[in-house]
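With the working numbering as the guide, the letters of the sequence shown map in order to residues 43 to 476.
Worksheet for the structure shown next.
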Amino acid sequence: MGFSKLGLSDSILKAVLQKGYDKPSPIQEKSIPVVLEGKDLMAAAQTGTGKTAGFTLPILEILSKGSLAKSNQVRTLVLTPTRELAAQVQDSISTYGKYLPLKSAVVFGGVKINPQMQKLRSGVDILVATPGRLLDLYSQNAVKFDQLEIIVFDEADRMLDMGFIHDIKRILKILPPKRQTLMFSATFSDDIRKLAKSLVNNPIEISTTPRNSTVKSVRQWIHPVDKSKKQALLTHLIKEHDWYQVLVFSRTKHGANRIATQLEKRKISATAIHGNKSQAARTRALADFKAGKVNVLVATDIAARGIDIDQLPHVVNFDLPHVPEDYVHRIGRTGRASSKGEAISLVSADEAKQLFDIERLIQKKLDRVMVDDFVPDHNVPESAKKLLPPKNKKPKKNKNRNKPRYGKDSNSAENKIKKKKGFWGNKPNKKPKK
Ligand code: ADP
Ligand code: MG
């Protein structure tokens, strides 16, 4: 089925065509008609499946038919957990809406508020915002919601994980009750369902993701290794296989810095991103990594969220996350559908519990591959013969993630690295010329 059958007008179709999409993704095919009908929607699909266009295209269609936003008014509000994601969503909106007379803007913390107030003064049809900054702007009367028709929660699961629940509740109180509500998320956790109850009205549910499943086309395995040899093994793997674009996860900021420094010492270009780095430094690190100027990006879990990266061939878990769900998020950064990706975990004996929790969550035992010269002195204990069913209880959360963030711009890196285009498998991995 092509885009033209979905009920979108020519000016939108033209922009989509120029962007080079030939057909809608499954989530787009399902969500676009629902949104156009004005219904509330809860949609779950894995990262990289095109959810942004799934809500942006029909919203542009709806808005193009009504009257434009009056001063300080907003007709559609898109809330995202991170600045990077907010900027990306607005990019998509201006791309798809370039032949329409609609205005869009993006606001987030960490930068001056005055220019944002100025932008809002003449009204915007679509505003993309992170919750904290939106509330700041509202408290300064810079934004009003009398004309609000649609609210979108993008990456709703992330918003909850990052402790935005209080902000979300505050925002809901200031929105008109009669509105269309759309929720997008990678998975429907129990928390999401609970939140949804107070948000959506008789929603249509769409899901193209089995719960917590890892992506099939990702090859995953572990290298058992002694903790003290992890750094040397990482260097060895990168050099041995000529990996040119690797995302390495570290549980701590300090660890991320150390790994990057050590790689640099061994002549592998690497940079770290985490919450202690300024917004400018993070943006630069990411741009360098995307452009292939830097071969290894070392990131903490939170810092890695919300960013779209083209074709990521390798993800390495330098250490295993404490929350098994984070493993699924981490390896979701690499290959999907027809483009293959590899997720490799360096596991030391003390991480057996994390390993077992992950295997239990994904319902699959990870292959153990020994590397010559790195065979550990301390064995990683064997996994249980038969995997127990996944636990139902909620994962423990990092306390900091749940702190209310109203009024301040938490510096905790709130990004997510997301692979681009791989879902359609239309851009094979390219090795840069040497
Ligand atoms: P999600 O929000 O589900 O993680 P995105 O909306 O960020 O995914 O889309 C991931 C990538 O797929 C983007 O680079 C986007 O340009 C691309 N994309 C979206 N829709 C299509 C389509 N119909 N055909 C080809 N590529 C698409
Ligand atoms: Mg998205």
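C-beta: ideal position from N, C-alpha, C; glycine also.
{"query": "Between which two residues does the beta strand (DSSP E) containing residue 384 stretch?", "result": "383-389"}
{"query": "In angstroms with no decimal places, state the Cα-to-Cα distance between residue 157 and residue 289.", "result": "34 Å"}
{"query": "Terminal residues of the continuous alpha helix (DSSP H) containing residue 393?", "result": "Counting along the chain, residue 393 falls outside any alpha helix (DSSP H), and DSSP gives it neither H nor E."}
{"query": "Leaving out five residues before and five after residue 435 in sequence, what residues of the same chain have Cβ atoms less than 6 Å from its Cβ?", "result": "Reliability of the predicted coordinates at residue 435 is poor, the pLDDT of 49 falling under 50, and the value obtained from them is presented with this limitation in mind. For residue 435, where only same-chain residues beyond five positions count, there are no Cβ hits under 6 Å."}
{"query": "Check residue 412 in the structure and name its three-state DSSP category.", "result": "coil"}
{"query": "Considering only heavy atoms of the ligand MG, does any lie closer than 8 Å to the CB of residue 61?", "result": "no"}
{"query": "Exposed or buried, what is residue 244 when buried is set at 16 or more other beta-carbons lying within 10 Å of its beta-carbon?", "result": "exposed"}
{"query": "Which two residues bound the contiguous alpha helix (DSSP H) that contains residue 75?", "result": "68-78"}
{"query": "Helix, strand or coil for residue 124? Go by DSSP, reduced to three states.", "result": "coil"}
{"query": "What does DSSP give as the partner residue(s) for residue 359 in the beta ladder?", "result": "291 and 387"}
{"query": "Along the chain, where does the beta strand (DSSP E) that runs through residue 261 open and close?", "result": "260-266"}
{"query": "May I have the straight-line CA-CA distance separating residue 364 from residue 176, to the nearest angstrom?", "result": "32 Å"}
{"query": "Any beta carbon of chain C sitting closer than 9 Å to that of residue 57?", "result": "This model lacks chain C altogether; it includes just one protein chain."}
{"query": "Where in the segment 145-217 do unbroken runs of the beta strand (DSSP E), each at least 3 residues long, occur, reported from the N-terminal end onward?", "result": "146-149, 166-171 and 192-195"}
{"query": "Which residue comes first and which comes last in the alpha helix (DSSP H) that contains residue 310?", "result": "Premise fails: residue 310 is in no alpha helix (DSSP H) and is neither H nor E."}
{"query": "Tell me the DSSP bridge mates of residue 400?", "result": "Answer by DSSP bridge pairing: none, since residue 400 is not bridged."}
{"query": "Name the DSSP beta bridge partners of residue 246, please?", "result": "83"}
{"query": "Helix, strand or coil for residue 227? Go by DSSP, reduced to three states.", "result": "strand"}
{"query": "Is the closest heavy atom of the ligand ADP to the C-beta of residue 86 under 8 Å?", "result": "no"}
{"query": "For residue 380, which three-state DSSP category applies?", "result": "Residue placement at residue 380 is poorly supported in this model, since its pLDDT is 46, which falls under 50; the coordinates are not used for a value here."}
{"query": "Give the range of the beta strand (DSSP E) segment to which residue 339 is assigned.", "result": "338-341"}
{"query": "Mind checking who residue 116 pairs with in its DSSP beta bridge?", "result": "166"}
{"query": "Taking the alpha-carbon of residue 382 as reference, which of 407, 355, 395 and 369 has the nearest alpha-carbon?", "result": "355"}
{"query": "Bridge partners for residue 222 per DSSP, in chain order?", "result": "192"}
{"query": "Rounded to the nearest angstrom, how far is the Cβ of residue 195 from that of residue 159, given a contact under 8 Å?", "result": "With a Cβ gap of about 24 Å, residue 195 and residue 159 do not count as contacting."}
{"query": "So, are the CB atoms of residue 404 and residue 370 less than 9 Å apart?", "result": "yes"}
{"query": "Could you tell me the distance, in whole angstroms, from the CA atom of residue 448 to the CA atom of residue 161?", "result": "Caution applies to residue 448, whose pLDDT of 37 falls short of 50 and renders its modelled position unreliable; the model cannot decide the point."}
{"query": "Counting C-beta neighbours from all protein chains within 10 Å, is the total for residue 121 16 or more, i.e. buried, or is it exposed?", "result": "buried"}
{"query": "With H, G and I counted as helix, E and B as strand and the rest as coil, what does DSSP make of residue 284?", "result": "coil"}
{"query": "So, is residue 201 buried or exposed, given that buried needs 16 or more other C-beta atoms within 10 angstroms?", "result": "buried"}
{"query": "Determine the direct distance from the alpha carbon of residue 294 to that of residue 416, and round the result to whole angstroms.", "result": "24 Å"}
{"query": "Taking the beta carbon of residue 316 as the centre, do at least 16 other beta carbons fall within 10 Å, making it buried, or is it exposed?", "result": "buried"}
{"query": "For residue 424, is the classification buried or exposed, using 16 other Cβ atoms within 10 angstroms of its Cβ as the cut-off for buried?", "result": "exposed"}
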